[in-house]
Amino acid sequence: MNPSRPGEEWIVGRDRELALLADLVDEAMAEPADLPGTLPAVLVVTGGPGAGKSVLLDAAGRTARRAGLRVLRCRGCEGESGLPFAGLHQLLRPVLDLAGGLPVRQRAALLGVFGLDPEQTQDTAADPLLTSLGALTLLSDAASREPLLLVIDDAHWLDVGTLDVLAFVARRLEGERVAMVLAARDNAVPSQFAYERRQLAVEPLPPAAAGRLLDLQPEPPVGRARSRILDQAAGVPLALVELARAVSRDPDAGQDGATDELPLTDRLEAIFAADLPELPAPTRWLLLLAAAAETAELPVILSAAGDTAAPVDWRPAERAGLVRIDDGRLRFRHPLIRSAVYQSASYAERHAAHTALADVLTGDPDRRAWHRAAAVLGVDEEAAQGLEDSAGRAQRRGGYAGAAAALERAARLSPDPDVRAKRLVRAATMAMYAGHPRWVSELATHALTLTDDPAVLAEASLRAGWALAVTSRFEDSLGFLLPVAEAAVETDPALALDALSTATTANYHSGDASSRERIQRVTDRVPPQDDEASRLWALAGCDPVRHRERALALLRGTDWTEHPTGHPRGVARDRRLSRLVVVGAAAWVLDETTEAVRLLGAALDQLRRSPTAGVNATVAWVLATTLYESGSWTQARTIGDEAHRTAAEAGLEVVAVGAPVLGATILALRGDPDVARAAVQRAVHGIDLPGSRSLQVRTHYALGAAALAEGDHAGAYARFRAVYTQDPEPEPVHFQASDYFLADLAAAAVRTGHADEARRIVDATRRRLAAGRISARLDAVLHRAGALLSDGDEAEAHFTAALADPDGEQWPFERALVRLDHAEWLRRRRRSVEARPLLTSALDVFERVGARPWTERARAELRAAGVTPTTAPRDALAELTPQQLQIARLAAAGLTNREIGERIFLSPRTVGFHLYRVFPKLGITGRAQLRDALPDGS
106 MNPSRPGEEW
116 IVGRDRELAL
126 LADLVDEAMA
136 EPADLPGTLP
146 AVLVVTGGPG
156 AGKSVLLDAA
166 GRTARRAGLR
176 VLRCRGCEGE
186 SGLPFAGLHQ
196 LLRPVLDLAG
206 GLPVRQRAAL
216 LGVFGLDPEQ
226 TQDTAADPLL
236 TSLGALTLLS
246 DAASREPLLL
256 VIDDAHWLDV
266 GTLDVLAFVA
276 RRLEGERVAM
286 VLAARDNAVP
296 SQFAYERRQL
306 AVEPLPPAAA
316 GRLLDLQPEP
326 PVGRARSRIL
336 DQAAGVPLAL
346 VELARAVSRD
356 PDAGQDGATD
366 ELPLTDRLEA
376 IFAADLPELP
386 APTRWLLLLA
396 AAAETAELPV
406 ILSAAGDTAA
416 PVDWRPAERA
426 GLVRIDDGRL
436 RFRHPLIRSA
446 VYQSASYAER
456 HAAHTALADV
466 LTGDPDRRAW
476 HRAAAVLGVD
486 EEAAQGLEDS
496 AGRAQRRGGY
506 AGAAAALERA
516 ARLSPDPDVR
526 AKRLVRAATM
536 AMYAGHPRWV
546 SELATHALTL
556 TDDPAVLAEA
566 SLRAGWALAV
576 TSRFEDSLGF
586 LLPVAEAAVE
596 TDPALALDAL
606 STATTANYHS
616 GDASSRERIQ
626 RVTDRVPPQD
636 DEASRLWALA
646 GCDPVRHRER
656 ALALLRGTDW
666 TEHPTGHPRG
676 VARDRRLSRL
686 VVVGAAAWVL
696 DETTEAVRLL
706 GAALDQLRRS
716 PTAGVNATVA
726 WVLATTLYES
736 GSWTQARTIG
746 DEAHRTAAEA
756 GLEVVAVGAP
766 VLGATILALR
776 GDPDVARAAV
786 QRAVHGIDLP
796 GSRSLQVRTH
806 YALGAAALAE
816 GDHAGAYARF
826 RAVYTQDPEP
836 EPVHFQASDY
846 FLADLAAAAV
856 RTGHADEARR
866 IVDATRRRLA
876 AGRISARLDA
886 VLHRAGALLS
896 DGDEAEAHFT
906 AALADPDGEQ
916 WPFERALVRL
926 DHAEWLRRRR
936 RSVEARPLLT
946 SALDVFERVG
956 ARPWTERARA
966 ELRAAGVTPT
976 TAPRDALAEL
986 TPQQLQIARL
996 AAAGLTNREI
1006 GERIFLSPRT
1016 VGFHLYRVFP
1026 KLGITGRAQL
1036 RDALPDGS
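The opening residue of the sequence shown carries number 106 in the working numbering; numbering runs sequentially from there.
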């Protein structure tokens, strides 16, 4: 294979990879209308060190430039991984001149994280969502001038803030003339991109291609040396090239059998370092400064060198092929060269390099603090304080991940173990705000080993418990939280309730009976407090039947949307948010669905202006569930989709599984069983469902609904039966969720010859629930199940009771199922006149929510009852995706594309792209017709 232009690198054995990269460039060039239904143009390239990822990215850049694209690049570097948004600044610097055209808040947020906003005050905290949206809008504006290719190399070394923004952008490129290619080592793919659906694994070269690459070297190895190079390089291109170069310098090196059997990376680093002793001392010093600085800025490196080196001293390193210098910027030919230079230096030499760099970086206190810290061997409180100050600056700019990294490093440098623990807990808090639960867990767990301070231990346990709860490690979470609650009952009852509240969340998902009883015992020991929101959730979340009376008294005794009094404004706002979340969740499990929608809607409205994405995702998921239960299926899908996107970006496994399972349930009920099953399979892949009984039960229901939608009653029965145990006295798999599917189990059982088994489960459920007071919803479920399993007057009595309570209208789909079952029962007894109004009411609900299989069934029953149902109008809204509907509603309300983009975190171009697809689905041609095309309340 010949290079396409003189001077370009030779690339052999990578035809498939180059073709995929060329396709990516073509996608960025194409008009969005030419690519209907395609995934965003994002490709993650993975491979081991030296596999040729950087060479492929360079080739993609050349292809893009020849095609007329503008290429924006950034490269992660280990030393800057703790500097918030360093990689993002590197990527966007060439187009920052366009930032003046951004909306004011986006411009302030984006420039603020770079320290470039002259109007930003020291105490102003940036909003990470606005920062991400500002970056997306900036790229969209640049792409409107010429298509873009974003080339991200060594992503495993990028700072977390940059990765979060890149992940945000990557998931919102639909409709943009922007493509992104991101490379990372295969064992270190950033979690934000670990599940990207388009990945390219760069494998070692096959033997024939490896041989061709050796033949292209200036001095191709021959004989035994060639065989040993092919054997030891194992198809890794960088190893092939560098081993061939080593043999060319010492032809005898490959002829004996004395080569050490070292790991490949170590062997390559040793090869790179072998050039260093031959270089002049000033050149080695410059290389070490560059390796320590990890910056391409030559002035910084030369300033640190002072009188000990001059620009001419770079020439030996350039001739040796170690570095490239262009336009006043320096680049190591490969990151392993930088690593070899740094690792081959003594501690004294590295210390001197970092000290020299810190001395010249007087105008950059953050990098100065990191170099001071890198120069320390052991502990140093002054250096630790410098990093803590840097963390404060990062926090004020919204760089929570950078603040966490700085505090974590400061903790390592802290001489006092108690101070070290406090800094780790602060780091865990920052990591929580950044939305990285696994990092929170690591930091908090370490803090717990360092101190005996009860306050620090309690806060660390709360952070660890939160992190474990949102990543499905419920048992471990409870192991942290319950001891804190038990210890604080008398000394700090408010803290005890906080711990019990988080423990209740973990236990609700796990469904473990023993932990639930323990939470209830501790909750009963906590004396009454001014704020009883956490107690309300602990009572309702552990046993909404037995504790219903007490929980309802607390729920209805306070207006939870009011700001609590006696606190500063910021504290009052945060406490109100916390109360809305836990009380809204309590209202949901108590089947106070209307109140739950009100409270959780207020919480989500506040959270959308907050940086705590993890809480945002959780609240959005629960709100979507309540909307689904209340019959607002389209809105439920919209908010559930929002929850899933946020959870996927934040690494919140519970929501990342639960939200798509909810979406799959709605798809199944609307008559798309194949799509629903595929969505469930994607969501639960690799998840321990038995460890999360709530998700397990809801997954069974989604798949059971898919079976019902295509008339597979046996398959539906198997799924619904699985939500109860096989014990002689059947128990629910999940103490709260299972019982809502009891009537569906009974309906499937009757059609498949399992009525006796269903009666046994219904009887056991009635005995179990008799210990408390059930909701109107659960009462209707029990009566519907009883009616389906009974005959004669008993069945009719159950149907009547299931429809008696007017509160049942809160759950329209479930009530419509009762009316459909009752009408079918009446018609079979030749009471068609009585059946007709029930069928008409049920059909109205089924058509409104878009439940196509049940709509067809109700229409068939109406015809059998002697009524010709009117032809239902085409449900155009059902054809829209949740995001398209949301955009259409906002556009109908008069918002511009830019205003819509700010509201839902998309670029104006992407908003326009979605509207372009919405118009034909609604049968309209322009924006002015949207208001008439969308029904009221849509």
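Each residue gets a CB set at the ideal place from its N, CA and C atoms; glycine is no exception.
Grouping DSSP H, G and I as helix and E and B as strand, with all else coil, what is residue i?
i: Glu402; result: strand
i: Val428; result: strand
i: Arg436; result: strand
i: Ala792; result: The residue you asked about is not Ala; residue 792 is Ile in the sequence shown. DSSP places Ile792 in coil when its eight states are reduced to three.
i: Gln740; result: helix
i: Pro987; result: helix
i: Ala306; result: strand
i: Ala363; result: Summary for Ala363: the model assigns pLDDT 37, below 50, so the residue's position carries little reliability; its value from the coordinates is reported in the next sentence. It is coil, neither helix nor strand.
i: Pro974; result: coil
i: Ala718; result: Because Ala718 sits at a pLDDT of 48, beneath the cut-off of 50, its placement in the model cannot be relied upon, and the following sentence gives the value as read from the coordinates. Note: Ala718 maps to helix in three-state DSSP.
i: Pro208; result: coil
i: Pro837; result: strand
i: Val650; result: coil
Leaving out the 5 sequence neighbours to the left and right, which residues in its chain are closer than 6 angstroms to residue i when beta-carbon positions are compared?
i: Gln711; result: Leu682
i: Arg94; result: Residue 94 falls outside the range modelled here, since the chain spans only 106 to 1043, and no answer is possible.
i: Arg889; result: Ala848, Ala907 and Val923
i: Arg655; result: Leu644
i: Pro1013; result: Asn1002, Arg1003 and Gly1006
i: Leu943; result: Arg924, His927 and Ala928
Give the C-beta separation of residue i and residue j to the nearest angstrom, bearing in mind that I take them to be a contact with Cβ-Cβ under 8 angstroms.
i: Ala275; j: Val147; result: 5 angstroms
i: Thr670; j: Gly646; result: That belief does not hold up - the Cβ atoms of Thr670 and Gly646 are roughly 26 angstroms apart, past 8 angstroms.
i: Arg178; j: Val117; result: About 24 angstroms separates the two Cβ atoms, so there is no contact after all.
Please report the residue range of the beta strand (DSSP E) in which residue i lies.
i: Arg180; result: Arg175 to Arg180
i: Asp464; result: No beta strand (DSSP E) holds Asp464; the alpha helix (DSSP H) holding it covers Tyr452 to Val465.
i: Ala288; result: Val283 to Arg290
i: Ile866; result: No beta strand (DSSP E) contains Ile866, which is instead part of the alpha helix (DSSP H) from Ala860 to Leu874.
i: Asp163; result: Careful: Asp163 lies outside any beta strand (DSSP E), inside the alpha helix (DSSP H) at Lys158 to Arg171.
Closer than 8 angstroms by C-beta to residue i: which residues in its own chain qualify, once you throw out the five before and the five after it? Chain order, please.
i: Arg932; result: Ala940, Glu966, Ala969 and Ala970
i: Ser566; result: Ala549, Leu553, Phe585, Leu586, Pro588, Val589 and Ala604
Grab the span of the alpha helix (DSSP H) containing residue i for me, first residue to last.
i: Val1023; result: Pro1013 to Leu1027
i: Asp131; result: Asp120 to Met134
i: Asp258; result: No alpha helix (DSSP H) contains Asp258, which is instead part of the beta strand (DSSP E) from Leu253 to Asp258.
i: Thr151; result: Premise fails: Thr151 lies in the beta strand (DSSP E), Val147 to Gly152, not in any alpha helix (DSSP H).
i: Thr666; result: It is not in any alpha helix (DSSP H) - Thr666 carries neither H nor E in the DSSP assignment.
i: Gly491; result: Glu486 to Arg501
i: Trp475; result: Pro470 to Ala479
i: Ile1009; result: Asn1002 to Ile1009
i: Phe585; result: Phe579 to Ala593
i: Glu654; result: Arg653 to Arg661
i: Tyr829; result: Segment: none, Tyr829 is in no alpha helix (DSSP H) and carries neither H nor E.
i: Ile771; result: Glu758 to Leu774
i: Gln297; result: Run containing Gln297: none; DSSP gives neither H nor E here.
i: Ile624; result: Ala618 to Arg630
i: Val352; result: Pro342 to Arg354
i: Glu711; result: First, the amino acid is wrong: residue 711 is Gln here, not Glu. Run containing Gln711: Thr698 to Leu712, per the alpha helix (DSSP H) assignment.
Please return the same chain residues whose Cβ sits closer than 7 angstroms to the Cβ of residue i, not counting the five positions on each side in sequence.
i: Gly745; result: Trp726, Ala729, Ala764, Leu767 and Gly768
Less than 7 angstroms between CB atoms is the rule here; does residue i satisfy it with respect to chain C?
i: Leu188; result: In the structure shown, chain C does not exist; there is a single protein chain.
Measuring CB atoms only, is the region 200-208 touching the region 311-325, in the sense that at least three cross pairs come out at less than 8 angstroms? no
Is the number of C-beta pairs between the region 150-167 and the region 333-344 that are closer than 8 angstroms three or more? By the Cβ rule, the region 150-167 counts as touching the region 333-344, because three or more pairs are nearer than 8 angstroms.
So, do the region 287-300 and the region 251-271 have three or more beta carbon pairs nearer to each other than 8 angstroms? yes
Report yes or no: do the region 524-537 and the region 205-224 share at least 3 C-beta pairs separated by less than 8 angstroms? no
Across the region 425-445 and the region 491-507, are there enough close Cβ pairs to call them in contact, namely three or more that are closer than 8 angstroms? Taking 8 angstroms as the limit for Cβ pairs, the verdict is that the region 491-507 does not touch the region 425-445.
Count the C-beta pairs between the region 469-487 and the region 412-431 that are closer than 8 angstroms, then say yes if the count reaches three, no if not. no
Tell me whether the region 779-797 and the region 819-837 touch, counting them as touching only if at least three CB pairs, one residue from each stretch, are closer than 8 angstroms. The region 779-797 vs the region 819-837: no contact.
Cβ pair count under 8 angstroms reaching 3, the region 696-712 against the region 648-666: yes
Report yes or no: do three or more beta-carbon pairs, one from the region 269-289 and one from the region 229-244, lie closer than 8 angstroms? Short answer: they touch.
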